[in-house]
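Following this note's numbering, the numbering of the sequence shown begins with 2 at its first residue and continues without gaps.
Even glycine gets a Cβ: it sits at the ideal position worked out from N, Cα and C.
Bear in mind that the values here come from a model prediction, so they are computed numbers and not experimental data.
Just below is one structure, and these are the notes that go with it.
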Amino acid sequence: EVLFFRNQNISPRDHKRFASFFGNLQTHPAYPTIESFPEITILENDKENPSKIEEWHTDMTFKKNPPLGSILIGRIIPESGGDTMFSSLSKAYDDLSQKWKEKLEEMSAIHSFEFGFKESLEEKGGRERLADALKENPPVSHPIIKQHPLTGRKVIYVNRLFTSHIEGDDPEGSILNFLFDHIHQEKYQCRFSWENNSIAFWDNRSVLHKPVNDYWPQLRRMERITIET
């Protein structure tokens with residue numbers, strides 16, 4: 002569900018070419034991109050611009066058709082910290098009781114750009130800067146249990162960053178919080194320590210990830226491409 006490669010000193014052109022073997026490429030509505038390569042998102046943080054993303058998530062679930070996968074390359078890695086963690090949503094599904102599996106099959110949850118980027122939107126000028134992204138990405142509904150189109154395995158398709166609430170009978174959020182606690186268990190996780198020119202390639206349909214933001218005020222620059230489903 003996630004592959005790692007070391008010592009891949011590839012150009013943006015080669016990054017794009019490699020990703021294109023797997024499908025059409027998406028652009029991100031909120032992040033900066035490389036000049037002449039709008040498909041390559043720049044994720045750069047330093048003393049003046051600390052990372053705002055702290056939560057477990059799958060990329061862009063606020064879209065009706067979220068991406069198939071993501072290919073992330075480390076360009077500038079801090080001397081310490083800055084790992085990325087991954088968690089298997091298929092393994093988490095397998096461990097649910099039959100009662101929970103049956104209950105969740107009938108349920109859907111709302112995924113929202115506005116919910117996921119609330120900190121950026123609250124910044125001065127944030128709503129103006131992201132006005133187009135807000136307009137183009139209204140909240141969407143996804144089934145809580147999805148079946149992977151290739152493997153046939155089922156996954157728990159919620160994440161703490163973009164999933165705002167469950168539709169219908171969960172007014173206190175207790176079911177959603179139960180699911181978050183379940184899918185974040187350490188037994189489903191792996192942790193990747195970056196080096197310059199390392200690559201992580203993961204299946205967005207079945208894997209959560211989160212950055213470990215323990216490197217401030219050091220500079221960390223990553224470049225990511227997401228592939229359409």
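By the neighbour-count criterion, in which a residue is buried when 16 or more other Cβ atoms sit within 10 angstroms of its Cβ, residue 4 is exposed. A residue is called buried when at least 16 other Cβ atoms come within 10 angstroms of its Cβ; residue 28 does not meet this threshold and is exposed.
Around the beta carbon of residue 59, 16 or more other beta carbons lie within 10 angstroms, which makes this residue buried.
A residue is called buried when at least 16 other Cβ atoms come within 10 angstroms of its Cβ; residue 209 meets this threshold and is buried. Here residue 211 is buried: its Cβ has 16 or more other Cβ atoms, across all protein chains shown, within 10 Å. Residue 195 places its beta carbon less than 9 Å from that of residue 85. Under the three-state reduction of DSSP output, residue 210 falls in the strand class. Annotated as distal: residue 64 and residue 120, with beta-carbon spacing of 9 Å or more. Under a 10 Å Cβ-count criterion, residue 87 is classified as buried, with 16 or more other Cβ atoms of the shown protein chains found around its own Cβ.
Separation of residue 26 and residue 227 (C-alpha to C-alpha, rounded to the nearest whole angstrom) is 6 Å. Rounded to the nearest whole angstrom, the CA to CA distance from residue 141 to residue 162 is 14 Å.
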